[in-house]
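Chains as they are written, first to last, in the numbering used here: chain F, 84 to 97; chain Z, 38 to 296.
The beta carbon of each residue, even a glycine, is placed where N, CA and C say it ideally should be.
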Amino acid sequence: PKQQGSITSFFGAP
Amino acid sequence: MLEARLDQAEILKKVVDAIKDLVQDCNFDCNDSGIALQAMDNSHVALVSMNLQADSFAPYRCDRNIALGVNLTSLTKVLRAAQNTDILTLRALDAPDSLNLVFESQDKDRISEYDLKLMDIDQEHLGIPETEYAATIKMPSVEFRRICTDLMALSESVTIEASKDGIKFTCSGDIGNGSVTLRQHTNVENEKENIEIELSEPVALTFSLKYLVNFCKAAGLSNTVTICLSNEVPLLVSYALTSKAGSNLRFYLAPKIGD
């Protein structure tokens, strides 16, 4: 099954 | 100092109501361009981003950057004392311990004043990259809410596919499966009912319905919602807060990945 991704793996430090 | 007057308390009441189940404590970052908020939920799956531009307020004054660290449950208790149509004024000093909120009835025959204690919140800010989304859907916000709640009755996740045939929401669960397909639709008499789809390439992504249903608590803020998708990036669900461009409440949701 698919795993829930984390927002921090897409959006990093500004 | 900060002084910001909103003509309708309803906007802030509805924003806080829409996000308080995702985020408990957050900073309202105030500067001369307006008031912004960015916060992740505890599990770091969703990100909330609110922008209320200075032109949403009249008057608006903020001399230097101020972070208002707010517990949203506490703010909800105070905002409950404001009627939707009340004029709301937010005031804070440059290094504030508390936020002053004044609610005035439109006839100015009632003035309520509250001070909310603030807290120090050390919140990491994420950079949200500018994205050219492969698919952008603008649709009635209640329709999107209905789709999400209907599908959540069957499954915990939904696959959203955008193709030249339309936007297809599919789910499957223990009792069976379901799908809803949306096609471009123009209602000449009532443009709030329009479904607009812009597609540059096909997209298919899977998301947790629990979060999407949570985002839909913002449906009362705007008749329309904009949903943006690109493969392998978080989904964006955006509600306009006022008729002024740039004031919005946005939710980002990380997709489910792998197989």
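List the residues of chain F whose Cβ lies closer than 7 Å to the Cβ of LYS293 (chain Z), in chain order. Locating residue 293 (chain Z) in the second sequence gives position 256, counting from the first residue. For a Cβ distance threshold of 7 Å, residue set LYS85, GLN86, GLN87 and GLY88 of chain F lies close to LYS293 (chain Z), ordered along the chain.
Buried or exposed for ALA118 (chain Z), going by 16 or more other Cβ atoms inside 10 Å? Along the second sequence, read from residue 1 onward, the residue named residue 118 (chain Z) stands at position 81. Counting of Cβ neighbours within 10 angstroms places ALA118 (chain Z) among the exposed residues, the total staying below 16.
Can ALA83 (chain Z) and TYR248 (chain Z) be called in contact, C-beta distance under 7 Å? As a position in the second sequence, residue 83 (chain Z) is number 46, starting the count at 1. As a position in the second sequence, residue 248 (chain Z) is number 211, starting the count at 1. Cβ distance < 7 Å, so ALA83 (chain Z) and TYR248 (chain Z) count as in contact.
Per DSSP, ASN137 (chain Z) forms a beta bridge with which residues? For the purposes of this step, residue 137 (chain Z) is taken as the residue at position 100 of the second sequence. Per the DSSP secondary-structure output, ASN137 (chain Z) pairs in a beta bridge with Z:ARG128 and Z:ASP152.
Consult DSSP for ALA104 (chain Z) and reduce its assignment to one of helix, strand or coil. In the second sequence, the residue the question calls residue 104 (chain Z) occupies position 67. Shown here, ALA104 (chain Z) sits in a strand according to DSSP, grouped into three states.
Local Cβ density within 10 Å of ALA76 (chain Z), reported as buried at 16 or more and exposed below that: Here residue 76 (chain Z) refers to the residue found at position 39 of the second sequence. Of the residues assessed, ALA76 (chain Z) falls on the buried side of the cut-off, its CB having 16 or more other CB atoms within 10 angstroms.
Which bits of chain F does VAL82 (chain Z) rub up against, with CB to CB less than 9 Å? Within the second sequence, numbered from 1, the residue matching residue 82 (chain Z) stands at position 45. Simply GLN87, GLY88, SER89 and ILE90.
Can you give the Cα-Cα distance for GLU169 (chain Z) and ASP152 (chain Z), rounded to whole angstroms? As a position in the second sequence, residue 169 (chain Z) is number 132, starting the count at 1. As a position in the second sequence, residue 152 (chain Z) is number 115, starting the count at 1. Rounded to the nearest angstrom, the two C-alpha atoms are 42 Å apart.
Identity of the residues DSSP links to VAL240 (chain Z) by a beta bridge: In the second sequence, counting from the first residue as 1, residue 240 (chain Z) sits at position 203. DSSP output for VAL240 (chain Z) lists Z:ALA199 as bridge partner(s).
At a threshold of 6 Å, does LEU191 (chain Z) count as lining the ligand NAP (C-beta to nearest heavy atom)? Because no ligand of any kind appears in the structure shown, any question about the ligand NAP cannot be addressed here.
Given that GLY213 (chain Z) touches chain F, what residues does it touch there, using C-beta distances under 9 Å? For this step, residue 213 (chain Z) is matched to residue 176 along the second sequence. Those do not exist, as GLY213 (chain Z) stays about 18 Å from chain F at its closest Cβ, beyond 9 Å.
Within chain F, the residues that ASP66 (chain Z) reaches when beta carbons sit closer than 7 Å: Residue numbering aside, residue 66 (chain Z) sits at position 29 when the second sequence is read from its first letter. By Cβ distance, chain F contributes nothing, its closest Cβ being about 13 Å from ASP66 (chain Z), past 7 Å.
Members of the segment 152–165 of chain Z near chain F, C-beta cut-off 9 Å: Result list: GLU161, HIS162, LEU163, GLY164 and ILE165.
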